[in-house]
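Chains F and V, in that order, give the protein sequences. Under our numbering, residues 7 to 293 are what the first sequence spells out, in order. Under our numbering, residues 37 to 170 are what the second sequence spells out, in order. Positions of the beta carbon are idealized from the N, C-alpha and C atoms, including for glycine. Notes follow once the structure below has been shown.
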Amino acid sequence: MASNMKAVKLRIKSVQSTMQITKAMELVASSKLRKAKERADICRPYFRELHKTLQDIADKNTDFSSVYAGKPSSPRYCFVVIAGDRGLAGGYNSNMFKYVDRVSEGKDYCVLPIGKKAVEYYRRRNREILTDAFAEIAKVDVSDCFEISRLLCKAFRDGEVGHINLCYTGFISMLSQTPSDLAMLPLEDLSREVSEQEARRVRELMLFEPGEEEVFNAIVPEYIAGLVYGGVCESVASELAARRTAMEAATDNAEEMIEKLNLYYNRARQASITQEITEIVGGAEGL
Amino acid sequence: MNTFPLRIGTPDGLLFEGNVVSVSCRTITGDLAILAGHINYCTALGMGRACVVLEDGTRREAACIGGMLTMVDGECRVLATTWEWKEDIDFERAQSAKKKAEEMISKGGLSDREFTLVEAKLHRALVRIGLSGK
Numbered sequence: 007m008a009s010n011m012k013a014v015k016l017r018i019k020s021v022q023s024t025m026q027i028t029k030a031m032e033l034v035a036s037s038k039l040r041k042a043k044e045r046a047d048i049c050r051p052y053f054r055e056l057h058k059t060l061q062d063i064a065d066k067n068t069d070f071s072s073v074y075a076g077k078p079s080s081p082r083y084c085f086v087v088i089a090g091d092r093g094l095a096g097g098y099n100s101n102m103f104k105y106v107d108r109v110s111e112g113k114d115y116c117v118l119p120i121g122k123k124a125v126e127y128y129r130r131r132n133r134e135i136l137t138d139a140f141a142e143i144a145k146v147d148v149s150d151c152f153e154i155s156r157l158l159c160k161a162f163r164d165g166e167v168g169h170i171n172l173c174y175t176g177f178i179s180m181l182s183q184t185p186s187d188l189a190m191l192p193l194e195d196l197s198r199e200v201s202e203q204e205a206r207r208v209r210e211l212m213l214f215e216p217g218e219e220e221v222f223n224a225i226v227p228e229y230i231a232g233l234v235y236g237g238v239c240e241s242v243a244s245e246l247a248a249r250r251t252a253m254e255a256a257t258d259n260a261e262e263m264i265e266k267l268n269l270y271y272n273r274a275r276q277a278s279i280t281q282e283i284t285e286i287v288g289g290a291e292g293l
Numbered sequence: 037m038n039t040f041p042l043r044i045g046t047p048d049g050l051l052f053e054g055n056v057v058s059v060s061c062r063t064i065t066g067d068l069a070i071l072a073g074h075i076n077y078c079t080a081l082g083m084g085r086a087c088v089v090l091e092d093g094t095r096r097e098a099a100c101i102g103g104m105l106t107m108v109d110g111e112c113r114v115l116a117t118t119w120e121w122k123e124d125i126d127f128e129r130a131q132s133a134k135k136k137a138e139e140m141i142s143k144g145g146l147s148d149r150e151f152t153l154v155e156a157k158l159h160r161a162l163v164r165i166g167l168s169g170k
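Structure representation (structure tokens):
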């Protein structure tokens, strides 16, 4: 009994130290989350407007002379996958990868991973990686996004890839984050499904100045950078929220375990005392 | 005067939303002004001074750098890389940025990529300074 008690005591101690860590991580995540959420909230309108504007353009576009607007030169896909730098964030990273695996099924594709976990995941699977220069998502800022966009546009212009999709985790609320993907290039992928009725209507035209090609060449890199930046902001906020929730649950579980172990420990202690008393009483009677 | 809805967005947030009489800014091919009733239109923005005339006739000036301007079904959207209202610009910082960029260019020895970066910095500083009207 005595050795059992010692084991329980040790177990309580180890659970306690784990709880300390999870509690600290929860606090760190929630303080970082506040800032990340603010950034995501600020960026979201721009992200939405940008995507909507390009959708409008894609719907109304009639001239396919620009590389960005025409038919894709290659059936190959490129997925920009945004994941976290660290684990211990519940299902955040694995949900993202599962999602990408699902949407990319049956497609020939390469990836541009952002975040250490994404880089590791695709390297392990020997997937072709466009660049692994953005392995630290915490450090990615607007100028990095322009760099990413430059790379993507170059690959697209050279015909290495024909479609570019952005996979990020949308921040819906503190408790819910869902992976989603967004077609970025070519513009054709963007245009909304037009219903029969609307298709029959004459398409409204749009004036491009000085010309479609010049305009697209100027705005597409900026548009991609904007979308990637928006995706990064959303994903960082989602990661922190996921980590906070996961750590909160872990802390609660640890508390519960400690309670149970304490109860067990006290029972064992009491039992051993009772036993001792019975032994003494039994011994005294024998005298 | 007829007005139309305008939204100005940058990665730093939605900076303006409301009805305006006109908006003018510098595009890649030159200055341009948009009034109500413009046809569907799209162009890329260059670097320069932008000006918005509000419903009540007040003019607000800003430095506008990069991005695009679209007019879709009577609604205008300006999505800029940088859009700074005149009153928010830190002119001293722009002056020092200009000096620094000029020094780097005159020193030379920059790679092509560095040179374009410094040049862009100088451009941005000049736009900001130009707005001060001094």
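Residues that residue i contacts on chain F, provided the C-beta gap is smaller than 7 Å
i         : result
Arg35(V)  : For chain V, the structure presents residues 37 to 170; residue 35(V) sits outside this window and is missing.
Gly102(V) : Glu228
Exposed unless 16 or more other CB atoms sit within 10 angstroms - verdict on residue i
i         : result
Lys266(F) : exposed
Gln26(F)  : exposed
Ser155(F) : buried
Pro119(F) : buried
Met37(V)  : exposed
Thr280(F) : exposed
Lys41(F)  : exposed
Gly84(V)  : buried
Val287(F) : exposed
Thr184(F) : exposed
Val171(F) : Val is not the amino acid found at residue 171(F); the sequence shown has Asn there. Its Cβ being crowded by 16 or more others within 10 Å, Asn171(F) is buried.
Lys122(F) : buried
Gly285(F) : Here residue 285(F) is Glu; the residue named in the question, Gly, does not match the sequence. So Glu285(F) ends up on the exposed side.
Asp91(F)  : buried
Ala255(F) : exposed
Thr63(V)  : buried
Thr152(V) : exposed
Ile44(V)  : buried
Leu293(F) : exposed
Gly66(V)  : exposed
Arg45(F)  : buried
Ala139(F) : exposed
Ala69(V)  : exposed
Cβ-heavy atom distance, residue i to the ligand PLP, below 7 Å
i        : result
Ser60(V) : You won't find the ligand PLP in this model; it holds no ligand whatsoever.
Between the CA atoms of residue j and residue i - distance to the nearest angstrom
i         : j         : result
Thr175(F) : Leu211(F) : 35 Å
Arg50(F)  : Lys43(F)  : 10 Å
Val88(V)  : Glu123(V) : 14 Å
Arg206(F) : Glu245(F) : Here Arg206(F) scores only 48 on pLDDT, less than 50, and its place in the model is too uncertain to base an answer on.
Arg249(F) : Asn268(F) : 28 Å
Arg130(F) : Cys116(F) : 14 Å
Asp114(F) : Gly168(F) : 10 Å
Glu291(F) : Gln276(F) : 22 Å
Phe127(V) : Gly144(V) : 26 Å
Glu202(F) : Lys66(F)  : Bear in mind that the predicted position of Glu202(F) carries a pLDDT of just 49, short of 50, making it unreliable; the figure below should be weighed with that in mind. Approximately 16 Å between the Cα atoms of the pair.
Ala144(F) : Val238(F) : 9 Å
Val34(F)  : Ala252(F) : 13 Å
His74(V)  : Thr39(V)  : 11 Å
Glu120(V) : Val234(F) : 22 Å
Tyr77(V)  : Leu105(V) : 8 Å
Glu111(F) : Gly236(F) : 25 Å
Chain-ordered neighbours of residue i on chain V, where CB pairs are closer than 9 Å
i         : result
Phe214(F) : Tyr77, Cys78, Thr79
Leu211(F) : Ile75, Asn76
Tyr74(F)  : Residues of chain V passing the Cβ test: none, with the nearest at roughly 12 Å.
Tyr52(F)  : Gly45, Thr46, Pro47, Asp48, Gly49, Leu50, Leu115
Under 7 Å from the C-beta of residue i: neighbouring residues of chain V
i         : result
Cys49(F)  : Pro47
Ile88(F)  : The premise fails here: Ile88(F) is roughly 16 Å from chain V at the closest Cβ pair, so nothing lies under 7 Å.
Val21(F)  : Those within 7 Å of Val21(F) in chain V number zero; the least Cβ separation is about 44 Å.
Ala224(F) : Ile64, Ala80
Lys66(F)  : Asn76
Met242(F) : In the sequence on display, residue 242(F) carries Val and not Met. Result: empty, since nearest Cβ-Cβ is about 14 Å, beyond 7 Å.
Val148(F) : Pro47
Interface partners of residue i on chain F, CB under 9 Å
i        : result
Thr65(V) : Glu215, Pro216, Glu220
Interface residues of chain V facing residue i [CB-CB closer than 8 Å]
i         : result
Tyr235(F) : Pro47
Amino acids of chain F, ordered along the chain, whose beta-carbon sits closer than 8 Å to that of residue i
i         : result
Thr106(V) : Thr59, Asp62, Ile63
CB contact below 8 Å: residue i versus chain C
i         : result
Gly232(F) : Protein chains F and V are contained in the structure displayed, whereas chain C is not.
When the Cβ atoms of the stretch 107-117 of chain V are set against those of the stretch 144-152 of chain V, are three or more pairs found closer than 8 Å?
-> no
Runs of alpha helix (DSSP H) wholly within the stretch 139-173 of chain F (minimum 4 residues, chain order) = 148-163
Are three or more beta carbon pairs between the stretch 89-108 of chain F and the stretch 223-238 of chain F nearer than 8 Å?
-> no
What are the start and end residues of each continuous alpha helix (DSSP H) run of 4 or more residues lying completely inside the stretch 91-118 of chain F, in chain order?
-> When DSSP assignments are scanned along the stretch 91-118 of chain F, the uninterrupted stretches of alpha helix (DSSP H) that are 4 or more residues long and fall wholly within it turn out to be 98-109.
Are the stretch 86-102 of chain V and the stretch 43-57 of chain V touching by the rule of at least three beta carbon pairs closer than 8 Å?
-> yes
Tell me, please, whether the stretch 182-195 of chain F touches the stretch 73-80 of chain F by the rule of three or more beta-carbon pairs shorter than 8 Å.
-> yes
Mind the definition here: the stretch 133-143 of chain V touches the stretch 256-263 of chain F only if three or more C-beta pairs lie below 8 Å; say whether that holds.
-> no
Which full runs of the beta strand (DSSP E) of 3+ residues lie inside the stretch 85-154 of chain V, going along the chain?
-> Those beta strand (DSSP E) runs which fall completely within the stretch 85-154 of chain V and span 3+ residues are 95-108, 111-121.
Is there contact here, the stretch 45-59 of chain F with the stretch 160-167 of chain F, by at least three beta-carbon pairs under 8 Å?
-> no
Which parts of the stretch 200-262 of chain F are runs of the beta strand (DSSP E), unbroken and 3 residues or longer, counting only runs that do not cross its ends?
-> Correct list: 213-215.
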